[in-house]
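**Q**
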Amino acid sequence: MSDPVLARRDRIRKLCELGSKVGYSCFGAAMLLFVVAFIADFPSWIVTVIIAAMVLGSVTLLPAIVFGYGVKAADAEDRGEKFGY
3 MSDPVLARRD
13 RIRKLCELGS
23 KVGYSCFGAA
33 MLLFVVAFIA
43 DFPSWIVTVI
53 IAAMVLGSVT
63 LLPAIVFGYG
73 VKAADAEDRG
83 EKFGY
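Heads up: take any position in the sequence shown, counting from 1, add 2, and you land on this note's numbering.
(1) Check whether the region 44–55 touches the region 8–18, taking contact to mean three or more Cβ pairs, one atom from each stretch, closer than 8 Å.
(2) Which residue comes first and which comes last in the alpha helix (DSSP H) that contains Gly-72?
(3) Roughly how many angstroms separate the alpha carbons of Phe-165 and Ser-4, rounded to a whole number?
(4) Report yes if the CB atom of Gly-30 is closer than 9 Å to the CB atom of Ala-66, and no otherwise.
(5) Pick from Thr-62, Arg-81, Asp-80 and Val-73: whose alpha carbon is nearest that of Arg-10?
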């Protein structure tokens, strides 16, 4: 890719995909651990891991979603389409 803008946009797109995978995986792990903690009468270490997973998921997922929409909007603008969500 010779255009630096398109190369940077592609790099951001890949980081957004990675952030989405990590974020959703953290939320999935938190839900699974919540069920385990419910069965095990909520040990404090599992609750700590659940909170950490939710914080990490939020920190990675929020920018991935925002920048992902930005990349999609820029792609639509380049094609001359109106981007609407």
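Glycine residues also receive a C-beta, built at the ideal position from the N, C-alpha and C atoms. Only a predicted model underlies this, so the values are computations on that prediction, with no experimental measurement involved.
**A** Result, derived from the coordinates:
(1) Taking a cut-off of 8 Å on C-beta distances, the region 44–55 does not touch the region 8–18, as fewer than three cross pairs fall below it.
(2) Boundaries of the alpha helix (DSSP H) around Gly-72: 46–80.
(3) With the chain represented from 3 up to 87, any question about residue 165 goes unanswered, as that position is not in the structure.
(4) No; because the gap between Cβ atoms is not below 9 Å, this pair is not in contact.
(5) Residue Val-73 holds the alpha-carbon nearest to the alpha-carbon of Arg-10 among Thr-62, Arg-81, Asp-80 and Val-73.
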